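Since the structure comes first, as structure tokens, the remarks are kept for the end.
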Amino acid sequence: MNTPAVLQPVRVWDLPTRLFHWGLALAVAGSVISAKIGGGAMVWHFRFGYVVLALLAFRVLWGLVGGRWSRFASFVYAPTTLWRYLQGRAAPQERLDVGHSPTGALSVFALLAVLAVQLGTGLVADDEIAHQGPLFMLVSTDNSLAATSWHKTWGQWMVLGLVALHVLAIVFYLVKKRINLVRPMLNGDKSLPPDTPASADGRTPRALAAVLLAACGALAWWVSKQGS
Numbered sequence: 001m002n003t004p005a006v007l008q009p010v011r012v013w014d015l016p017t018r019l020f021h022w023g024l025a026l027a028v029a030g031s032v033i034s035a036k037i038g039g040g041a042m043v044w045h046f047r048f049g050y051v052v053l054a055l056l057a058f059r060v061l062w063g064l065v066g067g068r069w070s071r072f073a074s075f076v077y078a079p080t081t082l083w084r085y086l087q088g089r090a091a092p093q094e095r096l097d098v099g100h101s102p103t104g105a106l107s108v109f110a111l112l113a114v115l116a117v118q119l120g121t122g123l124v125a126d127d128e129i130a131h132q133g134p135l136f137m138l139v140s141t142d143n144s145l146a147a148t149s150w151h152k153t154w155g156q157w158m159v160l161g162l163v164a165l166h167v168l169a170i171v172f173y174l175v176k177k178r179i180n181l182v183r184p185m186l187n188g189d190k191s192l193p194p195d196t197p198a199s200a201d202g203r204t205p206r207a208l209a210a211v212l213l214a215a216c217g218a219l220a221w222w223v224s225k226q227g228s
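Quick look at the structure:
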């Protein structure tokens, strides 16, 4: 008779990653809502955009030096690995469901890429009425208008679509697989075999994250001052 594996809490999502996740969610929501309101709320649309800039820049850096399961190296999968995962043939020692699974990784990279494009087009946008991105002078008028059109239409809908898919995936895992993906992003831990490597989440990595975030915030502030 096989003895069931004993599971224990393992730190998967370090605090900087969790704060990034929820901060980005709030910033994107604020950006969308303020854009829909328009008028005087556009000031906040730009402010939320600069927050998104700082957070995305931070995530790129943290993907290189952050906790084990937050690093890009832990969830950049080969096509063959993705295919085996979809077929349910992943080996337990691969630990594909500890951090971002192969399908979850695709979702993460897609959302980050679409947000980066949406941010970039917003920075060079010009509605020819009252609002211009701080970097609009770096591109031609035609390119600025094309960026503005994308930002207001396809870009916006792609962001909303990916966010909706993200939420639906969370609901699917909770209802169909009885796996709560939200709780670990709140407390950082998952119930896993005791030999699962944990992410470093002590004072030193948190201090490093604070320094990196401050630098990214300074970058966003500098960008906001261009064109003024």
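In the UniProt record's numbering, the protein residues as written are 1 to 228. The beta-carbon is built from N, C-alpha and C at its ideal position, and this holds for glycine as well. No experiment lies behind these values; they were computed from the predicted model shown.
### Query
What three-state label does DSSP hand residue 192 in the structure shown?
By 1-based counting over the sequence shown, the position of residue 192 is 192. The answer is strand: DSSP assigns residue 192 an E or B state.
### Pairwise C-alpha distance: residue 28 and residue 87
In the sequence shown, the residue the question calls residue 87 occupies position 87. In the sequence shown, the residue the question calls residue 28 occupies position 28. Approximately 34 Å between the Cα atoms of the pair.
### Message
Cutting at 7 Å between CB atoms, please list the residues of its own chain near residue 12, excluding the five before and the five after it.
### Response
As a first step, residue 12 is located in the sequence shown; it is residue number 12 there, counting from the start. Excluding sequence neighbours, residue 12 sits near 69, 98, 99, 184, 188, 189, 190 and 199.
### Query
What number of angstroms, rounded off, separates the C-alpha of residue 79 from the C-alpha of residue 128?
Translated into the one-based positions of the sequence shown, residue 79 becomes position 79. Translated into the one-based positions of the sequence shown, residue 128 becomes position 128. Distance between the alpha carbons of residue 79 and residue 128: 44 Å.
### Message
Our contact map puts residue 44 next to residue 30 with C-beta atoms below 8 Å; I'd like the distance itself, whole angstroms only.
### Response
Residue numbering aside, residue 44 sits at position 44 when the sequence shown is read from its first letter. Residue numbering aside, residue 30 sits at position 30 when the sequence shown is read from its first letter. Contact holds; Cβ gap of about 7 Å.
#### Entry: Nearest-angstrom beta carbon gap, residue 119 and residue 60 [assumed within contact, 8 Å]
To locate residue 60, count along the sequence shown from 1; it is residue 60. To locate residue 119, count along the sequence shown from 1; it is residue 119. Between residue 119 and residue 60 the Cβ distance is about 12 Å, and since that is not below 8 Å, they are no contact.
### Query
Which residue from 122, 106, 141 and 195 puts its Cα closest to that of residue 153?
Translated into the one-based positions of the sequence shown, residue 153 becomes position 153. Considering only alpha carbons, the answer is 122.
### Task
Let me know the secondary structure DSSP gives residue 10 once reduced to three states.
The residue labelled residue 10 in the question sits at position 10 within the sequence shown. Strand.
### Task
Rounded to whole angstroms, what's the CA-CA distance from residue 109 to residue 75? Just pull it up for me.
The residue you call residue 109 lines up with position 109 of the sequence shown. The residue you call residue 75 lines up with position 75 of the sequence shown. Rounded to whole angstroms, residue 109 to residue 75 spans 10 Å at the Cα level.
#### Entry: Alpha-carbon to alpha-carbon, residue 169 and residue 104
Residue numbering aside, residue 104 sits at position 104 when the sequence shown is read from its first letter. Residue numbering aside, residue 169 sits at position 169 when the sequence shown is read from its first letter. Cα-Cα distance, rounded: 9 Å.
### Task
Would you mind reading off the limits of the alpha helix (DSSP H) that contains residue 41?
The sequence position of residue 41 within the sequence shown is 41, counting from 1. Unbroken run through residue 41: none, as it is neither H nor E.
### Coarse secondary structure for residue 229, derived from DSSP in three states
In the structure as shown, the chain starts at 1 and stops at 228, and residue 229 therefore has no counterpart that could be examined.
### Task
Identify, in the order they occur along the chain, each residue of the same chain with its Cβ nearer than 7 Å to the Cβ of residue 55, setting aside the five sequence neighbours on each side.
What you label residue 55 is simply residue 55 of the sequence shown in a count that begins at 1. Closer than 7 Å at the Cβ level, and outside the excluded window around residue 55, lie 20, 23, 24 and 27.
### Message
Just to confirm, is the Cβ distance from residue 16 to residue 218 under 8 Å?
### Response
Taking the first residue of the sequence shown as position 1, residue 16 is located at position 16. Taking the first residue of the sequence shown as position 1, residue 218 is located at position 218. No, Cβ-Cβ distance for residue 16 and residue 218 is not below 8 Å.
### Message
Please state the DSSP three-state secondary structure of residue 93.
### Response
Here residue 93 refers to the residue found at position 93 of the sequence shown. Helix at residue 93.
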